[in-house]
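Novice: Protein sequences appear in the order of chains D and B.
Sequential numbering from -11 applies to the first sequence in this note's numbering.
Sequential numbering from -11 applies to the second sequence in this note's numbering.
Virtual Cβ for every residue (Gly too), placed ideally from N, Cα, C.
Dropping a structure here in structure tokens format, bear with me for questions.
Number of protein chains: 2
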Amino acid sequence: MKYSHLFAKTTKQPPKEADTINHKLLTQAGFVDQLMAGVYSYLPLGLKVLNNIGQVVREGMDEIGGQEVLMPIMHPKANWVTTGGWDKVDILFKVKSRTEKEYALGMSEEEVVTPLVMSRVNSYKDLPLYVYQIGWKYRDELRAKSGILRGREFLMKDMYSSHTSYEDFQRFYQVAKQAYLKIYKRLGLVAKVTEASGGSFTDKISYEFMVLTDAGEDEILYCTECDFCVNVEIAKVKVGDKCPNCKKGVLKQATASEVGNIFDLGQKYTKDFNFPVTLENREKVYPYMGCYGIGISRLMGVIVEKFNDETGIIWPDVVAPMKVHLVGLDLEDKKVNSQAEDLYKKFNHEDISVLYDDRVDVSAGAKFADADLIGIPYRVVVSKKTTDTLEVKRRDQKETEFLQFTELVRRIK
Amino acid sequence: MKYSHLFAKTTKQPPKEADTINHKLLTQAGFVDQLMAGVYSYLPLGLKVLNNIGQVVREGMDEIGGQEVLMPIMHPKANWVTTGGWDKVDILFKVKSRTEKEYALGMSEEEVVTPLVMSRVNSYKDLPLYVYQIGWKYRDELRAKSGILRGREFLMKDMYSSHTSYEDFQRFYQVAKQAYLKIYKRLGLVAKVTEASGGSFTDKISYEFMVLTDAGEDEILYCTECDFCVNVEIAKVKVGDKCPNCKKGVLKQATASEVGNIFDLGQKYTKDFNFPVTLENREKVYPYMGCYGIGISRLMGVIVEKFNDETGIIWPDVVAPMKVHLVGLDLEDKKVNSQAEDLYKKFNHEDISVLYDDRVDVSAGAKFADADLIGIPYRVVVSKKTTDTLEVKRRDQKETEFLQFTELVRRIK
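Printed below as a string of structure tokens:
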């Protein structure tokens, strides 16, 4: 992609309402555009990042046997009446057709996945089953804020597991927890696992996966020595207490953003929809279900909150919109211009994604500032001074290196 | 993917309400599941087909300079009031929040893309610009029917072009038309291009791309000799007339499904949102816009309507959910079983997608029937009789061939 053709380019003006780093930087760098509070458009570079995060999550789910589907956003009212959610869930968006039919916009998909799974599962032989999707969710939040951290419309991976026994659910609960930690690690994040309340419909404990960031909206207590971590909402301990787990560390409080959760749904939904399965011994049992969420668009915001400096975003390689930001200087010089064009083609030929700043009427300083703002991992400069080695700088390092093209390709791949 | 693990498997029972071949076959083969009239879940194999069609369309748009974005589904009421659509568009779904705020669900995105594009376009130098997305659309249809051909929720590619002059729009209109015809050709379809009325907001003529199929909902007149084609809604000719274009052929009537359209939007939206751009001569002009739609989920239905026989679906290679359907017979025999497993691994190793029917308690007849129903291009059988050549049958041919593994791989790739 040539920068001169790119929609949309960087802007100097920060967005008016921006209350967080992710909102400010993602808008200025041309990744997202706010349509209204909590609702964003994803621009070409932003959509690439969103898809890259989605792909990391997808691979994590496929590895533990997840099967990807895509369920509707528009749900029939009847399904939500069956579970009690129609009246009880205050953040549920409702739609009325011109013939007065009512629908809900999916905020979670138990109401759809339970009848879907059970209608195609005949016996214990088809279980356990792990079905997931990456899809847009809708929540009627009173206050949508913090850029793409808390949206009314947001992209989520939601997986639902079905089991013939509670023990089998508990086994998989641990498998999914490990898969989640691996996903966050691949994204460059360290997530703390807290226990929290189970939400609207269960008194069970759930797992929340928290990344420490001041832009978050949760308060957690964590141990300075061990893995102990708890949401203050349900904590029976307080700041400064000795850790109840290791008895060595002290509890500290921190602000965090929830980037994932796992709920024990028990038999609520299979009982609500009356979907028992037959066991090997011919007994009937209502399957046990779990729900496993990861906020994809929120993760994009959290990554920006964690990886930035005063000049812009610093994307981790695995989610970066492009691998190389090729900065062409002195492009009014025909020789330099054709050298830069050749290099652009060579990167494309090697299947290395590259954003080529081909503008001739823009200063070197402005081009470097844009490269820093956008945050692509490898910056390569071509100018009058360029010889047979390339001037390469990683966005997350201060030093410039001089490398042969083949050596650079080897590093990137 | 092993068939024993696949969610969801084939079903013998056709869906109750199925009024079309696509609804019947896609449901029985386990590709989609109807949640309510006009709203479907895409199951693992169905989602792969949907993504494959989307990818063909994406490549076609990228080739002509399209830039992919993703705009919101939930729109602020104000934008639809600005264009007059809030009161005039009867198929617009409306949402009210708990604080009585009103939103529209996107049925098309002029109301979002116009302010988005114009807020980031400063001068004539940034135009022309072609922005597109592949996203879910919502239409409050009185009668949703014909399986996934006419949905209340459906997947669409919608591109919007912006130009400084009407002439430039007309130039690109032809470029897009050729790109569309190439896309349909890649999908194995022959589309006729008709002229039709321009829809709610313009008296201009638009292009419609029609595929002849009895499940369609449009009636067209076409010439037996030349490319002349017109929607009967605006036709000034009738069946049996001499073709007004070539003066040789005779006009025939046929039922067709609209798989794409191109609208000349003129300056309506740029004027509504008051977004002029500055030309080189410092004059201001309201950009001319075009809208270019392709129904992705509808195309999936149309492809099934066109490519099927009495036993099931026959997917064109480019959209097929998998390349190979490996049918294992005599799997109670350990030697055959390990031979089939090895072959399954070898296909995976070659990055050739394969559905392996590994069931041991199912007859050969039932397995062949499932393979025919699902419609994957290459069926490969492993049984006691298998020697060092493989028994291969293409779904769209009657003859069985015997091939070496490497020869089969070469053909598939």
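Does DSSP classify Leu58 (chain D) as helix, strand or coil?
Specialist: By one-based count along the first sequence, residue 58 (chain D) stands at place 70. Leu58 (chain D) falls in the strand class under three-state DSSP.
Novice: Quick one: Cα of Asp202 (chain D) to Cα of Leu287 (chain D), how far?
Specialist: For this step, residue 202 (chain D) is matched to residue 214 along the first sequence. For this step, residue 287 (chain D) is matched to residue 299 along the first sequence. Computed Cα separation, rounded: 14 Å.
Novice: State the DSSP-derived secondary structure class of Tyr422 (chain B), mapped to helix, strand or coil.
Specialist: The requested residue 422 (chain B) is not part of the displayed model; chain B covers only -11 to 401.
Novice: Could you say which of D:Ile122, D:Arg367, D:Glu98, D:Pro116 lies nearest to Val265 (chain D) if we only look at CA atoms?
Specialist: Stepping through the first sequence from its first residue, residue 265 (chain D) is reached at position 277. The shortest C-alpha separation from Val265 (chain D) is found at D:Pro116.
Novice: Just by C-beta distance, which residues in the segment 245 to 277 of chain B are closer than 9 Å to chain D?
Specialist: For the segment 245 to 277 of chain B, the set of positions with a beta-carbon nearer than 9 Å to some beta-carbon of chain D is empty.
Novice: Per DSSP, Tyr126 (chain B) forms a beta bridge with which residues?
Specialist: Taking the first residue of the second sequence as position 1, residue 126 (chain B) is located at position 138. Its beta-bridge partners are B:Glu141.
Novice: Determine the chain B residues that contact Trp68 (chain D) at a beta-carbon separation under 9 Å, and present them in chain order.
Specialist: Residue numbering aside, residue 68 (chain D) sits at position 80 when the first sequence is read from its first letter. Within chain B, no residue comes near Trp68 (chain D); the closest Cβ sits about 12 Å away, beyond 9 Å.
Novice: Checking 8 Å against the spacing of the C-beta atoms, do Tyr120 (chain D) and Met24 (chain D) come in under that value?
Specialist: Translated into positions along the first sequence, residue 120 (chain D) becomes position 132. Translated into positions along the first sequence, residue 24 (chain D) becomes position 36. The answer is no: Cβ separation not under 8 Å.
Novice: Taking the runs of the beta strand (DSSP E) that are 3 residues or longer, which of them lie wholly in the segment 261 to 288 of chain B?
Specialist: Every beta strand (DSSP E) stretch that sits fully inside the segment 261 to 288 of chain B and reaches 3 residues is listed by chain position as 276 to 283.
Novice: With a CB to CB cut of under 7 Å and the five nearest residues on each side skipped, what residues in its chain are close to Leu331 (chain B)?
Specialist: As a working note, residue 331 (chain B) is residue 343 in the second sequence. So the qualifying residues of the chain are Leu314, Val370.
Novice: At the 8 Å Cβ level, is Ser124 (chain B) part of the contact set with chain D, yes or no?
Specialist: Here residue 124 (chain B) refers to the residue found at position 136 when the second sequence is read from its first residue. Note that residue 124 (chain B) is Trp in the sequence shown, not Ser. It does: the Cβ of Trp124 (chain B) has a partner Cβ on chain D nearer than 8 Å.
Novice: Closer than 7 Å by beta-carbon distance: list the chain D residues that pair up with Pro3 (chain B), in chain order.
Specialist: Stepping through the second sequence from its first residue, residue 3 (chain B) is reached at position 15. None at all; the shortest Cβ gap to chain D is about 11 Å.
Novice: Note down, in chain order, every chain B residue with its Cβ under 8 Å from the Cβ of Glu56 (chain D).
Specialist: Here the question's residue 56 (chain D) lines up with position 68 in the first sequence. Within chain B, the residues placing a beta-carbon under 8 Å from that of Glu56 (chain D) are Pro32, Leu35, ordered along the chain.
Novice: For Thr243 (chain B), which residues does DSSP report across the bridge?
Specialist: In the second sequence, residue 243 (chain B) corresponds to position 255, counting from 1. Per DSSP, B:Glu207.
Novice: Compare the C-beta of Val100 (chain D) with all C-beta atoms of chain B and state if any pair is closer than 8 Å.
Specialist: Within the first sequence, numbered from 1, the residue matching residue 100 (chain D) stands at position 112. Chain B contact via Cβ: present.
Novice: Can you grab the Cα-Cα spacing for the pair Glu88 (chain B) / Ala(-4) (chain B), in whole Å?
Specialist: Working through the second sequence from its first residue, we reach residue 88 (chain B) at position 100. Working through the second sequence from its first residue, we reach residue -4 (chain B) at position 8. Straight across, the Cα-Cα distance linking Glu88 (chain B) with Ala(-4) (chain B) is about 40 Å.
Novice: Could you tell me if Thr390 (chain D) is buried or exposed, where buried requires 16 or more neighbouring beta carbons within 10 angstroms of its beta carbon?
Specialist: In the first sequence, counting from the first residue as 1, residue 390 (chain D) sits at position 402. Inspection of the sequence shows that residue 390 (chain D) is occupied by Phe rather than by Thr. Its Cβ having fewer than 16 others within 10 Å, Phe390 (chain D) is exposed.
Novice: So, is the C-beta of Val27 (chain B) closer than 8 Å to a C-beta in chain D?
Specialist: Walking along the second sequence from the start, residue 27 (chain B) turns up at place 39. So yes, Val27 (chain B) belongs to the interface.
Novice: Which class does Val292 (chain B) belong to by DSSP, given the choice of helix, strand or coil?
Specialist: For the purposes of this step, residue 292 (chain B) is taken as residue 304 along the second sequence, with counting starting at 1. Three-state result, Val292 (chain B): helix.
Novice: Do you know how far the Cα of Glu271 (chain B) is from the Cα of Lys294 (chain B)?
Specialist: Looking up residue 294 (chain B) in the second sequence gives position 306. Looking up residue 271 (chain B) in the second sequence gives position 283. Taking the straight line joining both Cα atoms gives about 51 Å.
Novice: Run the CB neighbour count on Ile9 (chain D), radius 10 Å, all protein chains shown included, and call it buried at 16 or more, exposed below.
Specialist: Along the first sequence, read from residue 1 onward, the residue named residue 9 (chain D) stands at position 21. With 16 or more other Cβ atoms within 10 Å, it is buried.
Novice: Restricting to Cα atoms, I'd like to know which of D:Arg347, D:Asn110, D:Tyr126 is closest to Ser150 (chain D).
Specialist: Position 162 of the first sequence, counted from the start, is the residue given in the question as residue 150 (chain D). The option with the nearest alpha carbon to Ser150 (chain D) is D:Asn110.
Novice: Run down chain B in chain order and give the residues with a C-beta less than 8 Å from the C-beta of Ser85 (chain D).
Specialist: To locate residue 85 (chain D), count along the first sequence from 1; it is residue 97. What Ser85 (chain D) touches in chain B: Phe81, Asp128.
Novice: Does the Cβ of Ser188 (chain B) have 16 or more other Cβ atoms within 10 Å, making it buried, or fewer, making it exposed?
Specialist: In the second sequence, the residue the question calls residue 188 (chain B) occupies position 200. Low local confidence applies: a pLDDT of 49 at Ser188 (chain B) is under 50, so the model's placement there is unreliable, with the coordinate-based value given in what follows. Exposed, since its Cβ has fewer than 16 Cβ neighbours within 10 Å.
Novice: Comparing C-alpha positions only, which one of B:Asn67, B:Asp114, B:Lys113, B:Ser107 sits nearest to Glu97 (chain B)?
Specialist: For the purposes of this step, residue 97 (chain B) is taken as residue 109 along the second sequence, with counting starting at 1. Selected option, being the one with the closest Cα: B:Asn67.
Novice: Can you list the alpha helix (DSSP H) stretches of 4 or more residues lying completely in the segment 32 to 119 of chain B, in chain order?
Specialist: 32 to 51, 65 to 71, 73 to 76, 98 to 108
Novice: Who are the Cβ neighbours of Phe216 (chain B) in its own chain at under 6 Å, not counting the five residues just before and after it?
Specialist: The residue given as residue 216 (chain B) occupies position 228 in the second sequence. Once the five neighbours on either side are set aside, the close Cβ partners of Phe216 (chain B) are Cys231, Asn233.
Novice: Assuming the contact rule is C-beta atoms closer than 8 Å, Thr15 (chain D) and Asp358 (chain D) should be a hit. Round their C-beta distance to whole Å, please.
Specialist: If you number the first sequence from 1, residue 15 (chain D) lands on position 27. If you number the first sequence from 1, residue 358 (chain D) lands on position 370. Actually they do not touch by this definition, with Cβ atoms about 14 Å apart.
Novice: Note down the Cα distance separating His11 (chain D) from Leu143 (chain B), rounded to an integer number of angstroms.
Specialist: In the first sequence, the residue the question calls residue 11 (chain D) occupies position 23. In the second sequence, the residue the question calls residue 143 (chain B) occupies position 155. Each residue's Cα considered, the two are about 28 Å apart.
Novice: Cutting at 8 Å between CB atoms, please list the residues of its own chain near Leu175 (chain B), excluding the five before and the five after it.
Specialist: Your numbering for residue 175 (chain B) matches position 187 in the second sequence. If we look at Leu175 (chain B) and ignore the five residues flanking it on each side, its Cβ neighbours are Ile41, Val44, Leu287, Ile291, Pro304, Val306, Val307.
Novice: Considering only their Cβ atoms, is the gap separating Ala179 (chain D) from Ile402 (chain D) smaller than 8 Å?
Specialist: Because chain D is modelled from -11 through 401, residue 402 (chain D) falls outside the range shown and cannot be assessed.
Novice: Which two residues bound the contiguous beta strand (DSSP E) that contains Arg382 (chain D)?
Specialist: Translated into the one-based positions of the first sequence, residue 382 (chain D) becomes position 394. Arg382 (chain D) -> beta strand (DSSP E) spans 378 to 382.
Novice: Following the continuous beta strand (DSSP E) through Phe390 (chain D), name the residue where it begins and the one where it ends.
Specialist: Working through the first sequence from its first residue, we reach residue 390 (chain D) at position 402. Per DSSP, Phe390 (chain D) belongs to the beta strand (DSSP E) from 388 to 391.
Novice: Taking 8 Å as the threshold (beta carbon to beta carbon), is Asp21 (chain B) in contact with chain D?
Specialist: Residue 21 (chain B) sits at position 33 when you count from the first residue of the second sequence. Chain D contact via Cβ: present.
Novice: Leaving aside the five residues before and after Ser56 (chain B) along the sequence, list all residues of the same chain whose C-beta is less than 7 Å from its C-beta, in chain order.
Specialist: As a first step, residue 56 (chain B) must be located in the second sequence, where it is residue number 68. Sequence inspection shows Glu at residue 56 (chain B); the Ser mentioned does not correspond to that position. Cβ within range, chain order: Arg46, Tyr120, Gln121.
Novice: Under DSSP, the alpha helix (DSSP H) around Val163 (chain B) begins and ends at which residues?
Specialist: Numbered from 1 along the second sequence, position 175 holds the residue referred to as residue 163 (chain B). Val163 (chain B) -> alpha helix (DSSP H) spans 154 to 174.
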